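What follows is a single structure, written as structure tokens, with notes after it.
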Amino acid sequence: MTDAAGALKQAMSVIEGAIGAALVDYNSGMALATLDGGGGLDLNVAAAGNTDVVRAKMRTMDMLGLGDGIEDILITLSSQYHLIRPLTGRSGKGLFLYLALDKGRANLAMARHQLTKIENDLEV
Numbered sequence: 001m002t003d004a005a006g007a008l009k010q011a012m013s014v015i016e017g018a019i020g021a022a023l024v025d026y027n028s029g030m031a032l033a034t035l036d037g038g039g040g041l042d043l044n045v046a047a048a049g050n051t052d053v054v055r056a057k058m059r060t061m062d063m064l065g066l067g068d069g070i071e072d073i074l075i076t077l078s079s080q081y082h083l084i085r086p087l088t089g090r091s092g093k094g095l096f097l098y099l100a101l102d103k104g105r106a107n108l109a110m111a112r113h114q115l116t117k118i119e120n121d122l123e124v
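Sequential numbering from 1 applies to the sequence shown in UniProt numbering.
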């Protein structure tokens, strides 16, 4: 099992093209841990902003009566991918992993696969 700091360090070192990562509490919008890989992102601002995205999607799914869970949310920019992965384990309820990737260096499928593995090893 890996703690939050270890999980973010693993994401930044294992996932090709990673430029920033955070573990975020979407109830408060606060980043519990961040790790900047030189991408120049303000990860605390990203945490707060992406909290709104997660809350909106969960509200919409509830209004639609969808009983499914969110695997991940992908935001594609011209030069970056932003992945949001709500944690599904009991101890991770109310948290999500946020990962920003350089689009030119990242393999999106591998990044999603690695982020799933990191989530499974994360102990909060």
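Ideal placement from N, C-alpha and C gives every residue a C-beta, glycine not left out.
These figures come from a predicted structure and were not determined experimentally.
For T76, the enclosing beta strand (DSSP E) has its first and last residue at I73 to T76. By alpha-carbon distance to L83, the top candidate from G29, A11, D68 and G6 is A11. Shown here for G17: same chain residues with a beta carbon closer than 6 Å to its own, the five before and five after excluded, namely L101, D102, R105 and A106 in chain order.
Taking the Cβ atoms as the reference, G37 lies roughly 6 Å from G20, within the contact range of under 8 Å. Going by C-alpha positions, V14 is about 37 Å away from L64.
Taking the CA atoms as reference points, I118 sits about 12 Å from L23.
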